[in-house]
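Some notes on the structure that comes next.
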Amino acid sequence: GYAVVDTVTGTTDTDTGLNEATRYYYRVRAVYSGTNSQLSNEADAATDVSAPTLDTLNASVVGEITVEWSLGDSVTEGSVEIYRSTDGSLGGVVTTIADLSTTSWTDTAVADGRQYQYTVRRVTPDATADSGQQSATTILPAPTGLAVDSVDDTGGAVSWTSNTTDATGHRIEVREDDTGSWTV
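Numbering follows the working numbering, with no gaps: position 101 of the sequence shown is 124.
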């Protein structure tokens, strides 16, 4: 399975034109007039794989963030891993995608109104590479069913349905007429 890649007079060589994300095995023998030495030990190394690009994070739908990416390599083996964190670290793998033609994935295991960071990792049998990290904040669903329950000369009572358990509170705004400014 070995092929001669070069013959040199020194003790170093550079092998070029290698395939991306591929492991190569090397061995060397000294060449003498009329005879050759025994083979050296075997050494191996893998070439790098191009990092994927995290194109966009879309948090426009309540309860989900869609991650879109593009691959920078033509390697047909391996997978794509999506990492999520809440503190800027790499975080943990939230999904592994084996179909390399897939370029987006929707995370539905996110809380409302929270910021998440994502990294896309390209994994091959011999190399891995990470995209840059991006963040997105999920939206809080709007309260519904707002009603004025009662009004008297000193104030009004309002009620609504909160559509999230993740809100830390609700801000009530009022204005005196259709063209006035809102006041908290």
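Glycine included, every Cβ here is placed at the ideal spot set by N, Cα and C. Since this is a predicted model, take the numbers as computed values, not measurements.
{"query": "Given this structure, state the Cα-to-Cα distance separating SER154 from TYR141, to the nearest angstrom.", "result": "9 Å"}
{"query": "Between which residues of its own chain and ALA210 is the CB-CB distance below 8 Å, once the five residues before and five after are set aside?", "result": "What the structure shows of the chain is the stretch from 24 to 207, and residue 210 is not part of that stretch, so it cannot be assessed."}
{"query": "If you reduce the DSSP assignment to three classes, tell me which class ARG144 lands in.", "result": "strand"}
{"query": "Determine whether the beta carbon atoms of TYR106 and GLY95 lie at a separation below 8 Å.", "result": "no"}
{"query": "For ALA190, tell me which candidate among THR129, ILE162, ASP36 has the shortest Cα-Cα distance.", "result": "ILE162"}
{"query": "Compare the beta carbon distance of ALA74 and ASP149 with 8 Å and say whether it is the shorter of the two.", "result": "no"}
{"query": "Evaluate contact between the region 82-92 and the region 127-143, counting only Cβ atoms and requiring at least three cross-stretch pairs below 8 Å.", "result": "yes"}
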